[in-house]
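Notes follow once the structure below has been shown.
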Amino acid sequence: MDSRAARPIRRTGTLLLAALSALLLIGVDAVLRPVAPVRAGSAAATVIGTLAERSGRPAARVRVTMEPSNGAGSPTYSATTDRAGRWRVSGALAGRYRITYHLPGASAPRYYPGRVSHPLGFVAVPARGRLVVNDVLPRAGRIRFVAADAATGVRVREFCVQNPLELGFYCTNPSGPFPDGYVDLELPPGKYRFTGYATDGVHEGAMVDATAVDGRTTRATLPVQPPGAELKVVVRDRVTGAPVPNAAVRAMPVDKRFPDVYDVTEISDEQGVVRFRSLFPDRYHLWAGAGGGVYGAQWVGPNGGTGDRAKALVVEPGPGVTTLPDIMLDGAGSITGTITDRATGQPVSVTVALTTFDPFWYETTPKVPGNGAYTFSGLGPYEWSLAFIPPGNGGPGSPYAIQWSGGAPNSIKAARIKVVAGGTTVANERMSAGTAVSGKANGLPKYEYAGPLYAYNADTGDIVAVDENVEDGRYDIRLVPGQRVRFCLSTVRCHPDFTRLADATAFRVGTRPFTVDFPGWRR
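The opening residue of the sequence shown carries number 9 in our numbering; numbering runs sequentially from there.
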């Protein structure tokens with residue numbers, strides 16, 4: 009089985025992002041349509057603007073297009089900046105439009121307001137009169153990718169690489185925008201991790217870190233794996249040493265805990281052997297378990313199973329066959345308990361899980377419903393922590409904040425629950441409302457599509473709240489006090505204006521409500 013085929017599929021909001029990526033893949037001209045004529049007697053306005061570079065110099069010879077923000081094919085208008093960076097569209101019908109900048113020699117367009125990727129801003133053209141739209145081109149660096157065999161270094165000319173700010177892959181293609189065996193990506197300055205794969209029918213996946221430098225072209229080589237790459241492990245019964253067939257083992261990237269895009273599950277054969285083929289070269293944790301209630305689930309540790317992912321073995325498959333020590337399964341036990349409101353003592357309904365998760369992704373580890381009480385079966389005899397996730401994921405209308413065992417704000421501070429093989433451990437949980445946090449998810453100019461809003465624990469990366477719908481320009485969430493959190497809109501913009509979660513501002517959560525606004529202008 010090709011493990012890459014087992015990736016989960018994103019739902020809801022990312023369909024829009026995928027569509028945007030597809031447009032970029034087929035080229036800039038795919039979004040340009042004939043300028044719509046102005047109907048006689050119809051109300052129309054004039055839109056003028058000045059486009060500048062970061063240095064303050066005029067951005068000349070840039071083609072500017074205005075396209076309806078609702079995705080309609082028309083009317084679309086086009087103009088080109090003069091030597092002073094000025095552009096003008098006359099006879100524009102009233103409505104909301106996205107503005108795109110097509111720079112000479114650039115491999116991808118820029119977007120208003122000052123964005124390198126994702127046209128999230130729009131302007132409202134009035135029925136009559138004049139609208140002034142001035143903008144400054146964003147900082148950007150170009151990374152030129154080539155691919156090579158990871159073992160021999162021999163050049164591989166047919167490959168694809170993913171833009172980390174988007175869902176789509178950019179590929180070499182004799183008849184496409186990258187016909188010469190390399191791919192150029194233009195990104196805001198910063199460090200990124202890139203995923204890619206060969207399309208020559210021989211080589212497989214790859215991953216590489218590279219840095220975009222403002223105004224410069226840097227180079228990166230994608231080390232695609234030669235054929236035959238495999239991660240192999242045998243699953244056994246700890247007591248008897250016998251192989252365990254039909255056990256599930258999941259590889260979960262250490263550095264991509266949210267979202268776990270490349271989680272892959274394989275099943276052991278009659279000899280207990282599990283083989284992962286075509287895994288991207290990355291660092292992985294392994295999750296193992298078997299059905300039937302005999303064996304308990306575990307994070308695979310260096311010396312046996314563990315209930316703490318922070319103590320899991322880190323696996324780094326490379327070229328050829330990587331063989332791991334046997335996975336030893338222990339007997340299963342359970343955790344049970346009541347779930348009540350901390351203030352009233354009344355039973356409440358939440359989801360009980362081993363990890364917090366994004367509601368837009370298919371979660372990767374087990375969860376159970378909790379309706380005033382819960383039972384979590386099939387766990388190995390280790391110390392575990394549980395996440396208690398209220399309806400709404402701590403977002404608008406959610407009566408409680410997401411919390412971990414013992415009311416903790418994250419998985420590290422959570423109370424540990426010792427599971428005994430063949431036994432049941434009692435662990436009751438009392439849910440708290442937490443601290444209300446709100447803010448603007450857009451600023452001015454407004455971002456038409458900006459969400460969802462995610463709050464992450466700054467120390468663990470755990471998701472601690474999600475507002476699934478911020479199209480109204482506002483978010484509202486609840487957080488457990490005593491933690492530091494970072495905020496991101498979708499996966500492309502972290503507060504105040506970063507592309508990486510690690511760079512985002514960390515806010516300390518106390519017991520008083522507070523506000524965090526996203527600025528509306530991207531530089």
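Think of the CB as a built atom: it goes at the ideal place given N, C-alpha and C, for glycine as much as any other residue.
- Only buried fits Glu212, as 16 or more other CB atoms lie within 10 angstroms of its CB.
- Shown here, Asp484 sits in a strand according to DSSP, grouped into three states.
- Per DSSP, the unbroken beta strand (DSSP E) holding His110 starts and ends at Gly103 to His110.
- Secondary structure note for Ser385: its beta strand (DSSP E) is the uninterrupted segment Ala381 to Leu387.
- With contacts defined by Cβ atoms closer than 8 Å, Ala259 and Val242 do not form a contacting pair.
- In the DSSP assignment, Asp222 falls outside any beta strand (DSSP E), carrying neither H nor E.
- Residue nearest to Leu394 within the set Gly403, Arg291, Asp316 and Ala444 is Asp316 (criterion: CA-CA distance).
- Per DSSP, the beta-bridge partners of Gly57 are Trp95.
- Note that the stretch 459 to 474 touches the stretch 491 to 504; at least 3 beta-carbon pairs, one per stretch, sit closer than 8 Å.
- If you keep only unbroken beta strand (DSSP E) runs of at least 3 residues inside the stretch 285 to 329, you get 292 to 298, 306 to 309 and 312 to 314.
- When Lys199, Thr84 and Asp192 are compared, the shortest CA-CA separation from Ala116 is found for Asp192.
- Along the length of the stretch 168 to 247, whole beta strand (DSSP E) runs at least 3 residues long occupy 177 to 179, 191 to 195, 198 to 206, 213 to 220, 225 to 232 and 238 to 245, reported in chain order.
- Cβ-Cβ separation between Leu195 and Gly149: approximately 6 Å, consistent with a contact (criterion under 8 Å).
- Assigned with DSSP and collapsed to three states, Ser413 falls in helix.
- When DSSP states are grouped into helix, strand and coil, Asp349 belongs to the strand group.
- In this model, Pro389 and Asn418 are separated by some 22 Å (Cα to Cα).
- Counting only the Cα atoms, Gly280 lies some 11 Å from Met336.
- Sequence-distant Cβ neighbours of Phe522 in its own chain, meaning closer than 8 Å and more than five residues away, are Thr443, Val445 and Phe515.
- Of all alpha-carbon atoms in Pro460, Asp470, His503 and Arg501, the one lying nearest the alpha-carbon of Tyr483 is that of Pro460.
- The C-beta distance from Ala473 to Asn401 rounds to 7 Å, short enough to fall under 8 Å.
- Residue pairing of Thr359 in beta bridges, as defined by DSSP: Pro377 and Ile397.
- A residue is called buried when at least 16 other Cβ atoms come within 10 angstroms of its Cβ; Gly405 does not meet this threshold and is exposed.
- Here Ala228 has Ile151, Phe153, Val216 and Ala218 as same chain residues with Cβ atoms under 6 Å from its own Cβ, once five neighbours each way along the sequence are excluded.
- Sorting Tyr105, Thr248 and Ser125 by C-alpha distance to the C-alpha of Ala114 places Ser125 at the top.
- Residue state for Leu145 is assigned as coil, using DSSP reduced to three classes.
- Listed in chain order, the non-local C-beta contacts of Ala416 below 6 Å within the same chain comprise Ala422, local neighbours out to five positions each way being set aside.
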